[in-house]
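> Going by the numbering used here, the first residue of the sequence shown is number 2, and it counts up by one from there.
Just so you know, even glycine gets a beta-carbon here, dropped at the ideal spot from N, CA and C.
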Amino acid sequence: MSTFKNNDFQQIIEGRHAVHDFDPSVKISRVELTQMITESVSAPSAINVQPWRIVIIDSPEAKAKIKPLMAANAHQNETASALVLFFADLKASENAQVVFDQAVKAGKMPQEVSDHLVGIVKKVYGAMPTPALVTTFTLDVALPAMQFMLVARAHGFETGPMTGYDHDKIATALDLDATRYVPVIMVAVGKAAQPSAGSVRLPAQQILSFR
Ligand SMILES: Cc1cc2nc3c(=O)[nH]c(=O)nc-3n(C[C@H](O)[C@H](O)[C@H](O)COP(=O)(O)O)c2cc1C
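1. Cβ of N78 versus every heavy atom of ligand 1: is any distance shorter than 8 Å?
2. Tell me whether the region 153-165 and the region 6-16 touch, counting them as touching only if at least three CB pairs, one residue from each stretch, are closer than 8 Å.
3. Could you round the C-beta distance between E62 and P25 to whole angstroms and report it? I think they count as a contact, below 8 Å.
4. Shorter than 9 Å from the beta carbon of N78 to some beta carbon of chain C?
5. Distance, Cα to Cα, Q77 vs A189?
6. Tell me the residue span of the alpha helix (DSSP H) that contains L177.
7. When the Cα atoms are used, what is the spatial distance from S94 to P145?
8. Given the structure, does N74 come close to ligand 1, in the sense that its CB is under 8 Å from one of the ligand's heavy atoms?
9. Are the beta-carbon atoms belonging to S41 and G191 less than 9 Å from one another?
10. Report the three-state DSSP secondary structure of A194 (helix, strand or coil).
11. Tell me, please, which residues DSSP counts as bridged to M163.
12. Cβ of Y166 versus every heavy atom of ligand 1: is any distance shorter than 8 Å?
13. For the structure I just gave you, are there three or more beta carbon pairs, one from the region 109-116 and one from the region 23-37, closer than 8 Å?
14. Can you confirm whether the region 194-202 touches the region 87-107 when touching is taken to mean that 3 or more C-beta pairs between the two stretches lie within less than 8 Å?
15. Put P90 into one of helix, strand or coil per three-state DSSP.
16. Looking at C-beta atoms only, is the number of pairs between the region 124-143 and the region 158-170 that lie closer than 8 Å three or more?
17. Going by Cα to Cα distance, which pick from Q36, Q206 and V50 is closest to V119?
18. Looking at C-alpha atoms only, which residue of S200, D169 and M147 is the closest neighbour of A72?
19. Within the present structure, is the beta-carbon of G199 separated from the nearest heavy atom of ligand 1 by less than 8 Å?
Now the structure itself:
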């Protein structure tokens, strides 16, 4: 059953703009936030390793804790219903066995393919230096984050993506191992107190070429 209030794809993508000022009286239930994350993580990832770890900051205690780390984005922390923080999990290759076992059990993948892919994941990611792992997983993690911005609109909410916060301290402030979890992007979500002024894009002719 669809949980979308708005299923007009054109309206969802064309109407999305970064909101900076939210209505602080609006709360989104944890059930709905969880549903929105479930809908967002259908995004793809390389070898389906799903290297995302998501922390939702919606309690006054957690918001107070990250307040000193929010730089110029303190107002979103104060007013948004929640801040959704997408981390890259540098140990995500450990997910592979679980994911592929699940795929085999669901009849979506033969056992030999699963064994082969688990081997590849261990080989590729096991040997990858940390900076390359961060880059690779950042790409994967950005996809559900973008999807979340659209899913939120389908649920009747607006979002504001942010990287303006203290990247070095945010994982530790949220009781995560900072050597394992690397912050990628934070997305404020709620009802807009003020609509965004909108934004412009370079025309396709300027940024596109065909070969
Ligand atoms: C990776 C990323 C980081 C951003 N960081 C911030 C931020 O720290 N603070 C902020 O107010 N907006 C931030 N933005 C919002 C952008 O400024 C905004 O998306 C852009 O100007 C385009 O406007 P639009 O989203 O309304 O179309 C960020 C957007 C992205 C994609």
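On the basis of the supplied data:
1. Numbered from its first residue, the sequence shown carries residue 78 at position 77. Incorrect: N78 has no Cβ contact closer than 8 Å to ligand 1.
2. The region 153-165 is in contact with the region 6-16.
3. Numbered from 1 along the sequence shown, position 61 holds the residue referred to as residue 62. Numbered from 1 along the sequence shown, position 24 holds the residue referred to as residue 25. Actually they do not touch by this definition, with Cβ atoms about 16 Å apart.
4. Here there is only one protein chain, and chain C is not present.
5. Within the sequence shown, residue 77 is the residue found at index 76, counting from 1. Within the sequence shown, residue 189 is the residue found at index 188, counting from 1. Distance from the CA of Q77 to the CA of A189, rounded to the nearest whole angstrom, comes to 7 Å.
6. On the sequence shown, residue 177 is found 176 positions in, with the first residue counted as 1. Per DSSP, L177 is not a residue of any alpha helix (DSSP H), being assigned neither H nor E.
7. Locating residue 94 in the sequence shown gives position 93, where the first residue counts as 1. Locating residue 145 in the sequence shown gives position 144, where the first residue counts as 1. Distance between the alpha carbons of S94 and P145: 18 Å.
8. What you label residue 74 is simply residue 73 of the sequence shown in a count that begins at 1. Result yes, Cβ under 8 Å from ligand 1.
9. For the purposes of this step, residue 41 is taken as the residue at position 40 of the sequence shown. For the purposes of this step, residue 191 is taken as the residue at position 190 of the sequence shown. Cβ atoms of S41 and G191: not closer than 9 Å.
10. Your numbering for residue 194 matches position 193 in the sequence shown. Shown here, A194 sits in coil according to DSSP, grouped into three states, outside any helix or strand.
11. One-based indexing of the sequence shown puts residue 163 at position 162. M163 pairs with M187.
12. Numbered from its first residue, the sequence shown carries residue 166 at position 165. Answer for Y166: yes, Cβ within range of ligand 1.
13. In short, these stretches do not touch, since the Cβ pair count stays below three.
14. Cβ pair count under 8 Å is below three, so no.
15. On the sequence shown, residue 90 is found 89 positions in, with the first residue counted as 1. Per the sequence presented here, residue 90 reads as Asp, with Pro not at that position. Note: D90 maps to strand in three-state DSSP.
16. Judged by Cβ distances under 8 Å, the region 124-143 makes no contact with the region 158-170, as fewer than three pairs qualify.
17. Residue 119 sits at position 118 when you count from the first residue of the sequence shown. Residue V50 is the option with its Cα nearest to V119.
18. Within the sequence shown, the letter at position 71 stands for residue 72. Per the Cα distances, D169.
19. Translated into positions along the sequence shown, residue 199 becomes position 198. Yes, the beta carbon of G199 sits closer than 8 Å to at least one heavy atom of ligand 1.
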